[in-house]
Amino acid sequence: MLTAILRHHWSKPLSRACHSTVPSRGLMGGWTEEPRAQNLIPFVVEQTGRGERSYDIFSRLLKERIVCLNGAVTDSVASVIVAQLLFLEAENPEKPIHLYINSPGGSVTAGMAIYDTMQYIQSPVSTLCHGQACSMGSLLLAAGEPGKRYALPNASVMIHQPSGGASGQASDIAIHAREILRVRERLNRIYQKHTGIRELETIEKMLERDCFMTPEEAKNFGLIDQVLEKRVSKKQEEEE
Numbered sequence: 001m002l003t004a005i006l007r008h009h010w011s012k013p014l015s016r017a018c019h020s021t022v023p024s025r026g027l028m029g030g031w032t033e034e035p036r037a038q039n040l041i042p043f044v045v046e047q048t049g050r051g052e053r054s055y056d057i058f059s060r061l062l063k064e065r066i067v068c069l070n071g072a073v074t075d076s077v078a079s080v081i082v083a084q085l086l087f088l089e090a091e092n093p094e095k096p097i098h099l100y101i102n103s104p105g106g107s108v109t110a111g112m113a114i115y116d117t118m119q120y121i122q123s124p125v126s127t128l129c130h131g132q133a134c135s136m137g138s139l140l141l142a143a144g145e146p147g148k149r150y151a152l153p154n155a156s157v158m159i160h161q162p163s164g165g166a167s168g169q170a171s172d173i174a175i176h177a178r179e180i181l182r183v184r185e186r187l188n189r190i191y192q193k194h195t196g197i198r199e200l201e202t203i204e205k206m207l208e209r210d211c212f213m214t215p216e217e218a219k220n221f222g223l224i225d226q227v228l229e230k231r232v233s234k235k236q237e238e239e240e
């Protein structure tokens, strides 16, 4: 039997996924977050027959096949999430992975790296929103295994079209404008695929401006499958 003791250490985080953050204006037009220099990271100490083993809390959760996306979706955060997904698939390709999302969104390319990996690996990935899943965060929430996409009762979900800016010669600006329109079209079709909405025009209209949803509204729209108030027991999961 394992006995877990929580200890707190002042140390530099292992990755930006663990950083303490401050708000700043984001790439997708929403508020994203930037890391502070220091962060209080909990460590779990397990007493085993072989002695004492210490893990940072995120590594301990990874042993339970739980991956946390906290804060803005950046290239560095995406690289950590992708690595964790690939590792867990290699460990057991048939066992589910649980992605917990609390994100204001961020980089489209970084988010698409996570999205493509979720679709690529054999392990089913369930998603759960706690706090918020906005912009690219909402797309990753919707991209979970069908029937296994959840949100907690007081979570907030927001969808909108991508935003960006360009400067320089007129021809360069035109190139960037065409690219962002292409990205918008691709994102619209991804939302269409995962929500089950047949009319692309409905998706385009909903994403035209910032569209905030309660968990129930997100469920009706097709972004999630269920609003959870209590954790489902392992026995219930097996029965499902």
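If you use full-length UniProt numbering, the sequence shown corresponds to residues 1 to 240, in order.
Glycine included, C-beta positions come from ideal geometry on N, C-alpha and C.
Does residue i come out as helix, strand or coil in the three-state DSSP assignment?
i: Val80; result: helix
i: Asn220; result: helix
i: Pro42; result: strand
i: Thr74; result: coil
i: Ile114; result: helix
i: Gln47; result: strand
i: Gln119; result: helix
i: Glu91; result: helix
Please list the terminal residues of the continuous beta strand (DSSP E) segment that includes residue i.
i: Asn102; result: Ile97 to Ser103
i: Arg60; result: Segment Ile57 to Lys63 is the alpha helix (DSSP H) holding Arg60; no beta strand (DSSP E) there.
i: Ser138; result: Element bounds for Ser138: not the beta strand (DSSP E) but the alpha helix (DSSP H), Met136 to Ala142.
Exposed or buried, which one is residue i when buried takes at least 16 other CB atoms within 10 Å?
i: Leu148; result: According to the sequence shown, residue 148 is Lys rather than Leu. Under this definition Lys148 is a buried residue.
i: Thr127; result: buried
i: Leu40; result: exposed
i: Leu181; result: exposed
i: Phe212; result: exposed
i: Ala143; result: buried
i: Arg231; result: exposed
i: Ala151; result: buried
i: Ala218; result: buried
i: Asn78; result: Going by the sequence as given, residue 78 is Ala instead of Asn. Flag for Ala78 reads buried.
i: Gln161; result: buried
i: Pro215; result: buried
i: Ile175; result: exposed
i: Gly137; result: buried
i: Gly168; result: exposed
i: Gly111; result: buried
i: Leu200; result: exposed
i: Ile173; result: exposed
What first and last residue would you give for the alpha helix (DSSP H) that runs through residue i?
i: Ser107; result: No alpha helix (DSSP H) contains Ser107, which DSSP labels as neither H nor E.
Taking 8 Å as the cut-off, does the segment 120-133 touch the segment 152-168 (at least 3 CB pairs, one atom from each stretch)? Yes: at least three Cβ pairs fall under 8 Å.
Does the count of Cβ pairs from the segment 68-84 and the segment 98-110 closer than 8 Å reach three? At 8 Å Cβ cutoff, the stretches touch.
At what residue ranges does the segment 147-233 contain a whole run of the alpha helix (DSSP H), taking only runs of 4 or more? The segment 147-233 is shown to contain whole alpha helix (DSSP H) runs of 4 or more residues at 170-195, 200-206 and 215-221, in chain order.
Are the segment 74-93 and the segment 113-124 touching by the rule of at least three beta carbon pairs closer than 8 Å? Using a C-beta cut-off of 8 Å, the segment 74-93 makes contact with the segment 113-124, since at least three inter-stretch Cβ pairs fall below that distance.
Can we say the segment 216-224 touches the segment 190-204, given the rule of at least three CB pairs closer than 8 Å? The segment 216-224 vs the segment 190-204: in contact.
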